[in-house]
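For the sequence shown, counting from 1, position 121 maps to 121 in my numbering; every step adds exactly one.
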Amino acid sequence: DEDLNRIWQPSQVARYAAMPWDERSVEAKQQAELLEQLDRELTLAQGTVHFLDLHTSSAEGKPFVCIGDTLLNRDFATRFPVPVILGLEEQVDGALLEYINNQGHITVGVEAGQHDAPASVDFHEAFLSLALVSAGCMQSDELPRYEEMHDRLCAAGAVLPRVLEVRYRHTVGPSDRFRMRPGYENFRRIHAGETLAEDENGDIRAPETGRILLPLYQGQGDDGYFVVREFARFWLVLSALLRHMHLGRLAPCFPGVRVHADDANTLMVDRRVARWFTIQIFHLLGYRKKRDAGDHLLFSRRVEPA
Numbered sequence: 001d002e003d004l005n006r007i008w009q010p011s012q013v014a015r016y017a018a019m020p021w022d023e024r025s026v027e028a029k030q031q032a033e034l035l036e037q038l039d040r041e042l043t044l045a046q047g048t049v050h051f052l053d054l055h056t057s058s059a060e061g062k063p064f065v066c067i068g069d070t071l072l073n074r075d076f077a078t079r080f081p082v083p084v085i086l087g088l089e090e091q092v093d094g095a096l097l098e099y100i101n102n103q104g105h106i107t108v109g110v111e112a113g114q115h116d117a118p119a120s121v122d123f124h125e126a127f128l129s130l131a132l133v134s135a136g137c138m139q140s141d142e143l144p145r146y147e148e149m150h151d152r153l154c155a156a157g158a159v160l161p162r163v164l165e166v167r168y169r170h171t172v173g174p175s176d177r178f179r180m181r182p183g184y185e186n187f188r189r190i191h192a193g194e195t196l197a198e199d200e201n202g203d204i205r206a207p208e209t210g211r212i213l214l215p216l217y218q219g220q221g222d223d224g225y226f227v228v229r230e231f232a233r234f235w236l237v238l239s240a241l242l243r244h245m246h247l248g249r250l251a252p253c254f255p256g257v258r259v260h261a262d263d264a265n266t267l268m269v270d271r272r273v274a275r276w277f278t279i280q281i282f283h284l285l286g287y288r289k290k291r292d293a294g295d296h297l298l299f300s301r302r303v304e305p306a
């Protein structure tokens, strides 16, 4: 009935929980069943919780991981020898990873490959094995074929940048008649002006040069494709330094910026001062989720796990 990975806003979770069972959508019922299991495990957990959300996609391509941009999420994600995508989870509302992350846990989204590809199963197995070791649950010599699975992921990510950030998201609706042109796969290079798809209004061209991510080759979904570009190590180090110094506390001192009245992790920014450089500064400080709110833009950051 709806996208299971878009219904995890706390207000929506509460609204579904208050509905009679026979009035809930298929996904609302699945959500209730998942929550029963998740709440039990999170309550019983001792020590740090590492949460992985395992996915496949309609397009071919190399495996990767995506995170909400907190320092602990970064640390965990970069232990996998595949590309790490910044800003992907912040592009959408109601994702499960954000719901779990904002409860104070470390979260990573795993994209293993095309839905029906046998290799996607192997990559998911490899991710889980490396996660168990990275999280301190097991030693590598306790897992059969650990080195083989580590090498499999290394080979998959060998020629790709280690960290990339989302530069553009093309959204689609049911009435758009969106059709991705054939042959695109994750991380294929694209050039500004290149025709990537068509819809009822004609050709859809790449807004800038970069790499394509998650091109849509199925009937469901509201993400047509993403454009990503390499995120330089210099900026990773600088953003980590700024956050360790807690300089994000100074963001409300910028002209036209104030903290949202209902959410301490969201900034309200007057559109007249929201220029490119200002947005990049917010990204460095962890405020990667941008939303329109009339005369203002809202910039939100993920809760940093304790």
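From the three backbone atoms N, C-alpha and C, an ideal C-beta is built for every residue, glycine too.
Contact belief for glutamine 91 with arginine 169 at Cβ below 8 Å, rounded distance in angstroms: Taking the first residue of the sequence shown as position 1, residue 91 is located at position 91. Taking the first residue of the sequence shown as position 1, residue 169 is located at position 169. At roughly 5 Å, the Cβ-Cβ gap stays under 8 Å, so glutamine 91 and arginine 169 are in contact.
Boundaries (first-last residue) of the beta strand (DSSP E) holding asparagine 265: On the sequence shown, residue 265 is found 265 positions in, with the first residue counted as 1. From DSSP, the beta strand (DSSP E) with asparagine 265 extends over 263-270.
Unbroken alpha helix (DSSP H) run spanning cysteine 154, endpoints: One-based indexing of the sequence shown puts residue 154 at position 154. Where cysteine 154 is concerned, the enclosing alpha helix (DSSP H) stretches over 146-157.
Exposure of threonine 107, with buried meaning 16 or more beta-carbon neighbours within 10 Å: Residue mapping note: residue 107 aligns to position 107 of the sequence shown, counting from 1. Result: buried.
Whole-number beta carbon distance between proline 305 and leucine 72, since they are thought to touch under 8 Å: If you number the sequence shown from 1, residue 72 lands on position 72. If you number the sequence shown from 1, residue 305 lands on position 305. Yes, leucine 72 and proline 305 are in contact; Cβ-Cβ is about 5 Å, under 8 Å.
When Asp262, Glu111 and Gln9 are compared against isoleucine 85, the one with the closest alpha-carbon: For the purposes of this step, residue 85 is taken as the residue at position 85 of the sequence shown. It is Glu111 whose Cα lies nearest to the Cα of isoleucine 85.
Reference histidine 55, options Met138, Glu194, Phe64 and Arg162, closest by Cα: Position 55 of the sequence shown, counting from 1, holds the residue named residue 55. The shortest C-alpha separation from histidine 55 is found at Phe64.
Neighbourhood of glycine 286 by C-beta, 8 Å cutoff - its chain only, sequence neighbours within 5 removed: Along the sequence shown, read from residue 1 onward, the residue named residue 286 stands at position 286. Around glycine 286: Asp69, Thr70, Ser239, Arg243, Gly248, Arg301, Arg302 and Glu304.
Selected residue, minimal CA-CA separation from glutamine 31, among Thr43, Ile7 and Thr48: Stepping through the sequence shown from its first residue, residue 31 is reached at position 31. The candidate whose alpha carbon is nearest that of glutamine 31 is Ile7.
Cα-Cα separation, phenylalanine 76 to leucine 97: The residue you call residue 76 lines up with position 76 of the sequence shown. The residue you call residue 97 lines up with position 97 of the sequence shown. Their Cα atoms are separated by approximately 14 Å.
Cα-Cα separation, proline 207 to tryptophan 235: Taking the first residue of the sequence shown as position 1, residue 207 is located at position 207. Taking the first residue of the sequence shown as position 1, residue 235 is located at position 235. Between proline 207 and tryptophan 235, the C-alpha separation is close to 23 Å.
Glutamate 2: first and last residue of the uninterrupted beta strand (DSSP E) it sits in: Here the question's residue 2 lines up with position 2 in the sequence shown. No beta strand (DSSP E) contains glutamate 2, which DSSP labels as neither H nor E.
Secondary structure of threonine 278, DSSP reduced to three states: Looking up residue 278 in the sequence shown gives position 278. Helix at threonine 278.
N-terminal and C-terminal residue of the alpha helix (DSSP H) that threonine 195 is part of: Taking the sequence shown and counting its residues from 1, one reaches residue 195 at position 195. Where threonine 195 is concerned, there is no enclosing alpha helix (DSSP H), although the beta strand (DSSP E) it sits in stretches over 195-199.
Residue interval of the alpha helix (DSSP H) (run including serine 120): As a position in the sequence shown, residue 120 is number 120, starting the count at 1. Serine 120 -> alpha helix (DSSP H) spans 118-134.
Distance, arginine 167 Cα to aspartate 319 Cα: Within the shown structure, residues of the chain are numbered from 1 to 306, placing residue 319 beyond reach of any answer.
Where the alpha helix (DSSP H) through aspartate 395 begins and ends: This structure does not reach residue 395, given that the chain is present from 1 up to 306, and the question cannot be answered.
Selected residue, minimal CA-CA separation from proline 83, among Ala155, Arg181, Gln220 and Leu250: For the purposes of this step, residue 83 is taken as the residue at position 83 of the sequence shown. With distances taken between Cα atoms, proline 83 lies closest to Ala155.
Expected contact under 8 Å - CB spacing of histidine 260 and alanine 135 to nearest Å: Here the question's residue 260 lines up with position 260 in the sequence shown. Here the question's residue 135 lines up with position 135 in the sequence shown. That belief does not hold up - the Cβ atoms of histidine 260 and alanine 135 are roughly 33 Å apart, past 8 Å.
Beta bridge counterpart(s) of leucine 86 as assigned by DSSP: Residue mapping note: residue 86 aligns to position 86 of the sequence shown, counting from 1. Paired residue(s): Ile67 and Glu165.
Short Cβ contact (7 Å threshold) for glycine 193 with arginine 177: Against the sequence shown, residue 193 aligns to sequence position 193. Against the sequence shown, residue 177 aligns to sequence position 177. Not closer than 7 Å, so no.
Distance between serine 25 and glutamate 148 (C-alpha atoms, nearest Å): By one-based count along the sequence shown, residue 148 stands at place 148. By one-based count along the sequence shown, residue 25 stands at place 25. Going from the Cα of glutamate 148 to the Cα of serine 25 covers about 42 Å.
Reduced DSSP secondary structure (H/G/I, E/B, other) of serine 57: Locating residue 57 in the sequence shown gives position 57, counting from the first residue. Three-state DSSP puts serine 57 in a strand.
Beta-carbon gap between isoleucine 212 and arginine 229 smaller than 7 Å: If you number the sequence shown from 1, residue 212 lands on position 212. If you number the sequence shown from 1, residue 229 lands on position 229. Taking 7 Å as the Cβ cut-off, isoleucine 212 and arginine 229 do not qualify as a contacting pair.
One or two residues paired with leucine 52 in a DSSP bridge: Along the sequence shown, one-based indexing puts residue 52 at 52. DSSP, once it has assigned bridges, lists Val108 as partnering leucine 52.
Inter-residue Cα distance where the pair is valine 227 and alanine 126: Taking the sequence shown and counting its residues from 1, one reaches residue 227 at position 227. Taking the sequence shown and counting its residues from 1, one reaches residue 126 at position 126. Cα to Cα, the separation comes out at about 26 Å.
For glutamate 230, the first and last residue of its enclosing alpha helix (DSSP H): Counting from 1 along the sequence shown, the entry for residue 230 is found at position 230. Run containing glutamate 230: none in the alpha helix (DSSP H); it sits in the beta strand (DSSP E), 223-230.
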